[in-house]
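Colleague: Counted the way my numbering counts, the sequence shown spans residues 6 to 341. Note that beta-carbon positions come from the ideal geometry of N, C-alpha and C, so glycine has one too. Supplied in C-alpha cells, the structure appears directly below.
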Amino acid sequence: MRLSGFRRLLLLSAFLLQASYSQSQSMDIGISTGLTGFLGDLGGANYIGRPFFFDLETSLMKPLGALHFRYYAGDYFSIRGSFTYSGVAGNDSLIQPTSEFSPEWFRKYRNLSFQSSLIEGAITAELNFKRFQPGSKRYRIAPYLLAGIGVMHFNPKTEYNGALVELYPLHTEGQGFDSLDRKTYSLTQPVFPVGLGLRYNISSTLIFGFEFRNYFTLTDYIDDVSTEYASQADFYANFSDPATAALAYELSVRSDELDPEGIYDYITAPGQQRGDSENDQYFMIQISLSYLIFNNSVSSSGFGKRNFIFPHRVKAGNQMFNHIKGKQFYRNKSRN
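Below is the structure:
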C-alpha cells in the first residue's frame with residue numbers, strides 16, 4: 006500500500022474514531038422538588054381574564070416531588086423519563102373584589118373550591134442552547150428548551166362540612182345526564198409539558214438543575230368546573246338516591262352560603278355560566294439534583310482525567326509515530 010493511501014486510511018479511521026466518541030453519551034438519575042400552580046376556572050387573582058401568572062393565587066401553590074432518569078444522546082440533546090407527585094387547588098373565596106358586580110365579584114359569588122392530587126409520568130426531550138457535557142468543567146452549564154408528552158391522573162375534591170368530598174361521582178354540572186348534552190370526563194388525561202431549564206455541573210458526578218414547565222391538557226375539568234349550572238331537577242332525575250342528588254346539587258351551587266336570602270341567585274340559575282370552555286393548565290417550578298450513573302463524556306473535564314481517545318501523528322525523519330492513548334506504533338516510510 007502506498008504511504009499516501011495509508012495516511013488517508015489512518016486519517017479516516019481517526020476521524021471516525023473521534024466522531025464515535027464526540028457525543029457525550031451519559032445517563033443520570035435524580036430527584037426534584039418545587040411548587041405547582043394551577044391555571045383554571047376556580048380561584049385566581051383579584052382580577053378576571055388576565056393571562057397566565059397574572060391570574061394566579063400564589064398562596065394555593067402546592068409542593069411537588071419527582072424522580073427522573075435521563076439519557077444524554079449528545080452534547081445538545083437528552084431524553085428524560087420522570088414521575089411526579091404534586092397537587093393543585095383553587096378557591097373563589099380568596100378573591101377580593103374591588104366593587105360589587107366587578108368582574109371578579111362574580112367569581113367570588115360563585116364560591117366554589119377544589120383540591121386535587123396530581124400523579125404524572127412523562128417523557129421529555131431536552132435541547133441545549135449551548136454545548137453541555139455531564140461531569141465536564143469546561144462545558145458545565147447550559148440553558149435548555151424542553152417539550153414532551155405524558156399522562157396525568159387527578160381527582161377533584163372539595164371541602165364540605167369539615168370533610169373532603171370527591172366531585173367526580175356527583176356530576177356537578179350534569180355530565181353524563183340524559184337531560185343534558187354534557188359528556189363525562191376521564192380522571193386520567195394526556196398532558197404536554199413545555200418549558201425552559203438550566204443545568205450546572207457541580208462536580209464530575211452531580212448536576213444541579215432549575216426548571217420551569219407549563220402543562221397543556223385536553224380537559225377543562227381538573228377543577229370540576231367547565232360549562233353551565235344544571236338544575237336541581239336534573240340531579241334528582243338522574244340519581245336514584247335522593248341524598249346523593251341533594252349533595253350533588255348543594256356542591257354544584259354554593260353561592261347560597263354567601264347569599265342565604267338568594268338576592269342574587271339568578272346569577273347561578275340553571276343555564277347560567279359556571280365556568281369557561283378553555284382547557285385547564287398547570288405549571289411546575291422546580292430544582293433538581295442528578296447523579297451520573299454512566300458517563301462517556303469526551304471533554305477534558307477538569308474534574309478528572311480524559312476518558313476519550315484522540316489520535317495524533319508526530320513525524321520524525323523517515324519515521325511516523327502514531328500515538329493513541331500513550332501506545333506507540335512504528336511504521337517505516339516506503340514506496341512501491
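What is the C-beta distance between residue 116 and residue 262, in whole angstroms, given that I count them as a contact (C-beta under 8 Å)?
Modeller: Translated into positions along the sequence shown, residue 116 becomes position 111. Translated into positions along the sequence shown, residue 262 becomes position 257. Correct: roughly 6 Å between the Cβ atoms.
Colleague: Could you pull out every residue in the same chain whose Cβ sits closer than 7 Å to the Cβ of residue 276, ignoring the five residues on either side in sequence?
Modeller: Reading the sequence shown from its first residue, position 271 is the one you call residue 276. Excluding positions up to five away in sequence, the list reads 233 and 234.
Colleague: Verify whether the separation of the beta carbon atoms of residue 163 and residue 118 is less than 7 Å.
Modeller: As a first step, residue 163 must be located in the sequence shown, where it is residue number 158. As a first step, residue 118 must be located in the sequence shown, where it is residue number 113. Closer than 7 Å, so yes.
Colleague: Where does residue 200 land, buried or exposed, given buried means 16+ other C-beta within 10 angstroms?
Modeller: Stepping through the sequence shown from its first residue, residue 200 is reached at position 195. Buried is the call here.
Colleague: Can you give me the C-alpha to C-alpha distance between residue 230 and residue 95, rounded to a whole angstrom?
Modeller: As a position in the sequence shown, residue 230 is number 225, starting the count at 1. As a position in the sequence shown, residue 95 is number 90, starting the count at 1. Looking at the two C-alpha atoms, the distance is approximately 11 Å.
Colleague: Find the nearest neighbour of residue 32 within the set 79, 70 and 228, judged by alpha-carbon distance.
Modeller: Residue mapping note: residue 32 aligns to position 27 of the sequence shown, counting from 1. Answer by Cα proximity: 79.
Colleague: Taking the beta strand (DSSP E) that residue 222 falls in, what are its first and last residues?
Modeller: Taking the first residue of the sequence shown as position 1, residue 222 is located at position 217. Looking at the DSSP string, the run of the beta strand (DSSP E) that includes residue 222 is 211-222.
Colleague: Less than 7 Å separating the beta-carbons of residue 153 and residue 129?
Modeller: One-based indexing of the sequence shown puts residue 153 at position 148. One-based indexing of the sequence shown puts residue 129 at position 124. Contact: yes.
Colleague: To the nearest angstrom, how far is the alpha carbon of residue 185 from that of residue 122?
Modeller: Position 180 of the sequence shown holds residue 185. Position 117 of the sequence shown holds residue 122. Between residue 185 and residue 122, the C-alpha separation is close to 29 Å.
Colleague: Could you check where the beta strand (DSSP E) with residue 91 kicks off and where it finishes?
Modeller: As a working note, residue 91 is residue 86 in the sequence shown. Start and end: 82-96.
Colleague: In three-state terms, what does DSSP make of residue 257?
Modeller: For this step, residue 257 is matched to residue 252 along the sequence shown. Residue 257 falls in the helix class under three-state DSSP.
Colleague: Residue 156: buried (16+ other C-beta within 10 angstroms of its C-beta) or exposed?
Modeller: Position 151 of the sequence shown holds residue 156. Its Cβ having fewer than 16 others within 10 Å, residue 156 is exposed.
Colleague: How far does the beta strand (DSSP E) with residue 142 in it extend, from its first residue to its last?
Modeller: Within the sequence shown, residue 142 is the residue found at index 137, counting from 1. Residue 142 -> no beta strand (DSSP E), and no H or E assigned at all.
Colleague: Out of 106, 112, 176 and 84, which has the shortest C-alpha to C-alpha gap to residue 127?
Modeller: For the purposes of this step, residue 127 is taken as residue 122 along the sequence shown, with counting starting at 1. Residue 127 has its Cα closest to that of 84, out of 106, 112, 176 and 84.
Colleague: Measure the C-alpha to C-alpha separation of residue 297 and residue 211 and round it to an integer number of angstroms.
Modeller: Along the sequence shown, one-based indexing puts residue 297 at 292. Along the sequence shown, one-based indexing puts residue 211 at 206. Cα to Cα, the separation comes out at about 6 Å.
Colleague: What are the partner residues of residue 75, as DSSP defines its beta bridges?
Modeller: As a working mapping, residue 75 is identified with position 70 in the sequence shown. Bridge partners of residue 75: 33 and 85.
Colleague: Would you kindly check if the distance between the Cβ of residue 71 and the Cβ of residue 37 is under 7 Å?
Modeller: For the purposes of this step, residue 37 is taken as the residue at position 32 of the sequence shown. For the purposes of this step, residue 71 is taken as the residue at position 66 of the sequence shown. The answer is yes: Cβ separation under 7 Å.
Colleague: Would you check if the distance between the CB atom of residue 260 and the CB atom of residue 273 is smaller than 7 Å?
Modeller: The count along the sequence shown starts at 1 and reaches residue 260 at position 255. The count along the sequence shown starts at 1 and reaches residue 273 at position 268. Result yes, Cβ atoms of residue 260 and residue 273 sit closer than 7 Å.
Colleague: Count the other CB atoms, across all protein chains shown, that sit within 10 Å of the CB of residue 179; report buried if there are 16 or more and exposed otherwise.
Modeller: Start at 1 with the first residue of the sequence shown, and residue 179 comes out as number 174. Burial call: buried.
Colleague: Please report the residue range of the beta strand (DSSP E) in which residue 174 lies.
Modeller: In the sequence shown, counting from the first residue as 1, residue 174 sits at position 169. No beta strand (DSSP E) holds residue 174; DSSP gives it neither H nor E.
Colleague: Figure out for me which residue from 120, 100, 35 and 269 has the closest Cα to the Cα of residue 228.
Modeller: By one-based count along the sequence shown, residue 228 stands at place 223. That would be 120, whose Cα lies nearest to the Cα of residue 228.
Colleague: For residue 125, which residues of its own chain have a beta-carbon under 6 Å away from its beta-carbon, when the five flanking residues on both sides are left out?
Modeller: Sequence index remark: in the sequence shown, residue 125 carries index 120 (1-based). The residues are 89, 155 and 157.
Colleague: What first and last residue would you give for the beta strand (DSSP E) that runs through residue 131?
Modeller: The residue you call residue 131 lines up with position 126 of the sequence shown. Element bounds for residue 131: 118-133.
Colleague: Give every residue of the same chain whose Cβ lies closer than 6 Å to the Cβ of residue 250, excluding the five residues on either side of it in the sequence, and list them in chain order.
Modeller: Your numbering for residue 250 matches position 245 in the sequence shown. Excluding residues within five positions, the ones whose Cβ falls inside 6 Å are 240, 241 and 244.
Colleague: So, helix, strand or coil for residue 204, using DSSP?
Modeller: Residue numbering aside, residue 204 sits at position 199 when the sequence shown is read from its first letter. Strand, per DSSP.
Colleague: Would you tell me roughly how many angstroms separate the C-alpha atoms of residue 268 and residue 256, rounded to the nearest one?
Modeller: If you number the sequence shown from 1, residue 268 lands on position 263. If you number the sequence shown from 1, residue 256 lands on position 251. Looking at the two C-alpha atoms, the distance is approximately 19 Å.
Colleague: Expressed to the nearest angstrom, what Euclidean distance is found between the alpha-carbon atoms of residue 173 and residue 182?
Modeller: Against the sequence shown, residue 173 aligns to sequence position 168. Against the sequence shown, residue 182 aligns to sequence position 177. Cα-Cα distance, rounded: 13 Å.
Colleague: Do residue 254 and residue 237 have their beta-carbon atoms positioned less than 7 Å apart in this structure?
Modeller: Within the sequence shown, the letter at position 232 stands for residue 237. Within the sequence shown, the letter at position 249 stands for residue 254. Yes, Cβ-Cβ distance for residue 237 and residue 254 is below 7 Å.
Colleague: Which word fits residue 246, buried or exposed, when buried means at least 16 other C-beta atoms lie within 10 angstroms of its C-beta?
Modeller: Numbered from 1 along the sequence shown, position 241 holds the residue referred to as residue 246. Exposed.
Colleague: Helix, strand or coil: how does DSSP classify residue 268 here?
Modeller: Indexing the sequence shown from 1 puts residue 268 at position 263. Looking at residue 268 - three-state DSSP - the assignment turns out to be coil, as it is neither helix nor strand.
Colleague: Reducing DSSP to helix, strand and coil, say where residue 243 ends up.
Modeller: If you number the sequence shown from 1, residue 243 lands on position 238. Residue 243: helix per DSSP, three-state reduction.
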